[in-house]
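Following: one structure in structure tokens, then a few remarks.
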Amino acid sequence: MKKLFLLTAIAGMFAFSNVSAQTDPAMGGSKLGIGAEFAFPTGDFGDFTDFGYGGSLQFQTPIVEKLNFTASAGYLNFKYKDEFGGGSFGNIPVKAGVNYFLAENFYIGGELGAAFGTGDNSNTSFVYTPHIGVEFPVADKSSIDLGARYEAWSNDGTRRFVGLRLAYNFGL
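With the numbering used here applied, the sequence shown covers 80 to 251.
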């Protein structure tokens, strides 16, 4: 929880910087991002798993001013705790949603979708994800995207985790 608070505070500081999402070419137009994903299980899910890691691709395109449509797909691998036999299991989350830019380069949003298990006897889960993030322009039509989310996968039970994503976005 301390990490999430620190990330939110840092993102808030940068949200009020001099970077303008409306005028900077790195912040406008359609873009594709490739990112590293990290997941920290909470609740019952955290009782038998240590952490998750993986990667993702995310497409964004403007709908109206300050509002972007998002579509993402990736892979997350979760590690079982040693007392549960070790090993790991994988999932392919596929989601669609929106990012709303509140101020400058700071955004909030949400996504809905499905997570497809990759192992034997795996299930498909409904996914919902509220998130926050900040984009830092680095070049013409390019940006670094740092985001945090609370993600839940519902099926027979609910798997919840706090996720962090560090991505490089490039304009299309």
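C-beta atoms are modelled at their ideal positions from N, C-alpha and C, and glycine is treated no differently.
Here the structure is a predicted model, which means the values were calculated and not measured.
Buried/exposed call for residue i, threshold 16 Cβ in 10 Å
{"i": "Glu-116", "result": "buried"}
{"i": "Glu-162", "result": "exposed"}
{"i": "Gly-236", "result": "exposed"}
{"i": "Phe-127", "result": "exposed"}
{"i": "Ala-100", "result": "Because the pLDDT at Ala-100 is just 40, under 50, the model does not fix this residue reliably, and the value given afterwards should be weighed accordingly. Buried, by the Cβ-count rule."}
{"i": "Gly-164", "result": "exposed"}
{"i": "Asn-184", "result": "buried"}
{"i": "Asp-123", "result": "exposed"}
{"i": "Thr-208", "result": "buried"}
Coil, strand or helix - residue i by DSSP
{"i": "Asp-316", "result": "Nothing can be reported for residue 316: it is not among the residues displayed for the chain, which extend from 80 to 251."}
{"i": "Gly-107", "result": "coil"}
{"i": "Gly-236", "result": "coil"}
{"i": "Gly-198", "result": "coil"}
Cβ shell of residue i (< 6 angstroms), same chain only, five flanking positions each side left out
{"i": "Trp-232", "result": "Ala-194, Ser-204, Val-206, Arg-238"}
{"i": "Phe-138", "result": "Leu-111, Ala-150"}
{"i": "Thr-140", "result": "Ser-109, Phe-148"}
Own chain, CB closer than 8 angstroms to residue i, minus 5 neighbours either side, in chain order
{"i": "Gly-198", "result": "Phe-168, Gly-169"}
Pairs of beta-carbons, one from the region 171-180 and one from the region 140-160, closer than 8 angstroms: are there three or more? yes
In chain order, which continuous runs of the beta strand (DSSP E) of length 3 or greater are located wholly inside the region 153-191? 167-182
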